Amino acid sequence: MIATIQALYNEKYFDDNATACLFPARTRWLTDQLHLKNLPKVTCKEYNKVLHRLDPVSTTIVFPSAHINSPASMFGHTFLRINSSYNSKLLSYAINYAADADSNKENGVIFAIKGLFGGYDGKYSLLPYYEKLKEYQDTENRDIWEYDLNLNIQETKRMFEHIWEVKDTYTTYLFFNRNCSYAMLWLLEVARPSLHLRGDFIYQVSPLETIFTIKKAKLIKSYSFRASSRSQIEAYRSILSYKEIQLAKQLSKNTISLSDFIKDKQIILDKKRYILELAINLLQYDYKQKKITKEYYLQTFHTLTLTRAKMGKTKKIIPKQPDNPLQGHQANRLNIGFETYDNQLATIFSIRPVYHSFEDSPIGFLRGTQIEFFNIELLGSNNGLKIEKATLLSLYSITQIDSIFTPLSWKLQMGWDTNSIEQKTKFNTTIDFGWTLGNNLGYIYILGDLFGY
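Heads up: the sequence shown begins at -14 in my numbering, then just goes up one per residue.
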């Protein structure tokens, strides 16, 4: 503090390199608390330019849903959006904190291990909100929840001042606790010093638990939902038959004649509209997934949209909003039960630190997923206490195939388990792949062992 005050009064620079320009948050705080006077006048052109561009008036915390096929995103993610007086969410700016690594290029297992043990630096970034939407909503096909917070203009600006101070610094990134969610809680505490959000967490800070904590602090005033590209496509399955969906897929791939489709009198006009809309959505999806060339995309997109425009308006298809993540369960789970073991009554005690299993309520979670770390199951009887099961990690992605998508289901499990026949505890690692069939009532999956030990 003394060094900062001395630097403010003995300023060597009077432009963007001035102490007051580099550290606006602490300069304002010291001026308010100590009533500093007669500070040298400096011109902070860059800071004022960015502040004017952002025009911070309020704050939203954004929660892209879980994406289990990416180790960096299996728990979801959180970042902040600084809203401006321009009333344009897309042109607002996002504050993000993430490991300084490209998870798409680096091996997923290596990325997860290095993230667990501090192998990466974490860094804040400030970028347009539409870029984050493109990353999560379109490229990774993740639904997005936006929770508007009741931070006022002064609190939002205070948070931006702090971001400005740390934007070029690095901190150790840890997957379980010093992660994106921890960083966002810290920023909210900076914005409103009376908050004590990080105190709710001891060993892990997950994105969903962060949203629960913010709700408990009564910071959330409203929310909104943005469907992913995949969710928008899936919405058409409820109004189109299997044959009509296949027509849409063929139109997007240009494997049937568009003119013949238009002339087909067996398909009513309203259905033709929806088939074309689905074809356009599928075309956009394939382009975002880099499955088709830009030249093919632009040419086909122009043809399909022009044809669709000539058919007139119809009722807009809106994806069904899933359960709000805030309706879901929290990550910790403690179980106590009883069973008959060796002709005697035994007590089962298990603890699950994180995160979600098939035994839990699916409300608020991605259907068909299981993510568990460091589970321990103990068995107590007259013979004493023993470890029945100890799971290092258990990951399942049981995603149903349908008339549009045919995803691969998979499972990865590592840990110690007790053989029910031999009553011996052994370490096992299994990796399985397969397919899943089902509907809204349930599903069945078939997985084949790729690796087992």
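For glycine and all other residues, C-beta sits at the position ideal for the given N, C-alpha and C. Just so we're clear, the structure is a prediction, and the values are computed from it rather than from any experiment.
Quiz item: Where does the unbroken alpha helix (DSSP H) through L193 begin, and where does it stop?
Solution: P192 to K201
Quiz item: When we look at the beta-carbon of E357 and count the other beta-carbons within 10 Å, is it buried (16 or more) or exposed?
Solution: buried
Exercise. Let me know if A316 comes out buried or exposed under the rule of 16 or more other beta-carbons within 10 Å of its beta-carbon.
Key: buried
Quiz prompt | DSSP state of T28 mapped onto helix, strand, coil | solution = coil
Quiz item: So the beta strand (DSSP E) A84 belongs to, where does it begin and stop?
Solution: Y78 to A84
Quiz item: Does the separation of the CB atoms of G107 and T156 fall below 7 Å?
Solution: yes
Quiz prompt | Segments assigned beta strand (DSSP E), at least 3 residues, entirely inside the segment 95 to 146 | solution = 105 to 113 and 129 to 134
Quiz item: Is it true that the CB of L170 sits closer than 7 Å to the CB of R183?
Solution: yes
Self-check item: Residue(s) in a DSSP beta bridge with N162
Solution: DSSP, once it has assigned bridges, lists no residue as partnering N162.
Quiz item: Does the pairing of the segment 117 to 136 with the segment 219 to 238 give three or more beta-carbon distances under 8 Å?
Solution: no
Self-check item: Beta carbon of V27 nearer than 7 Å to that of C6
Solution: yes
Practice problem: Please say whether L377 and L370 have beta carbons closer to each other than 7 Å? | Solution: no
Self-check item: Environment of I230 [buried if 16+ CB atoms lie within 10 Å]
Solution: buried
Exercise. Indicate the three-state DSSP secondary structure (helix, strand or coil) for N23 in the structure shown.
Key: coil
Practice problem: Classify K74 as helix, strand or coil using the three-state DSSP reduction. | Solution: coil
Quiz item: Which word fits H20, buried or exposed, when buried means at least 16 other C-beta atoms lie within 10 angstroms of its C-beta?
Solution: exposed
Quiz item: How big is the Cα-Cα spacing for K250 and K119?
Solution: 39 Å
Quiz item: Just how far apart, CA to CA, sit F436 and S379?
Solution: Summary for F436: the model assigns pLDDT 49, below 50, so the residue's position carries little reliability, and this model does not support an answer.
Self-check item: Distance between E262 and C165 (C-alpha atoms, nearest Å)
Solution: 37 Å
Quiz item: By a C-beta neighbour count over all protein chains shown, 10 Å radius and 16 as the cutoff for buried, is R62 buried or exposed?
Solution: A small fix is needed here, since residue 62 is His in this sequence, not Arg. Classification for H62: buried.
Practice problem: Flag this pair as yes or no: are the beta carbons of L397 and I416 separated by less than 7 Å? | Solution: yes
Practice problem: Could you work out which residue in K238, K298, M296 and Y259 is closest to Q269 when comparing CA atoms only? | Solution: K238
Exercise. Pair every Cβ in the segment 210 to 217 with every Cβ in the segment 328 to 343, then say whether three or more of these pairs are closer than 8 Å.
Key: no
Exercise. Would you mind listing the beta strand (DSSP E) stretches within the segment 194 to 278 that are 3+ residues and don't spill past its ends, in chain order?
Key: 205 to 211
Exercise. Counting only the same chain and skipping the five closest in sequence on each side, list residues whose C-beta sits under 7 Å from that of P471.
Key: In the structure as shown, the chain begins at -14 and stops at 438. Residue 471 is therefore absent and cannot be evaluated.
Quiz item: When DSSP labels each residue in this structure, what does T415 get in the three-state scheme?
Solution: strand
Self-check item: Proximity to I129 [Cα-Cα], best of P49, V190 and F96
Solution: P49
Quiz item: Exposed or buried, H287, counting other C-beta atoms within 10 Å across all chains shown (16 or more means buried)?
Solution: exposed
Quiz prompt | Exposure label - S214; buried when at least 16 CB within 10 Å | solution = buried
Quiz item: Is the Cβ-Cβ distance between S77 and Y114 less than 7 Å?
Solution: yes
Quiz item: Residue range of the beta strand (DSSP E) that L7 falls in?
Solution: Premise fails: L7 lies in the alpha helix (DSSP H), T4 to L7, not in any beta strand (DSSP E).
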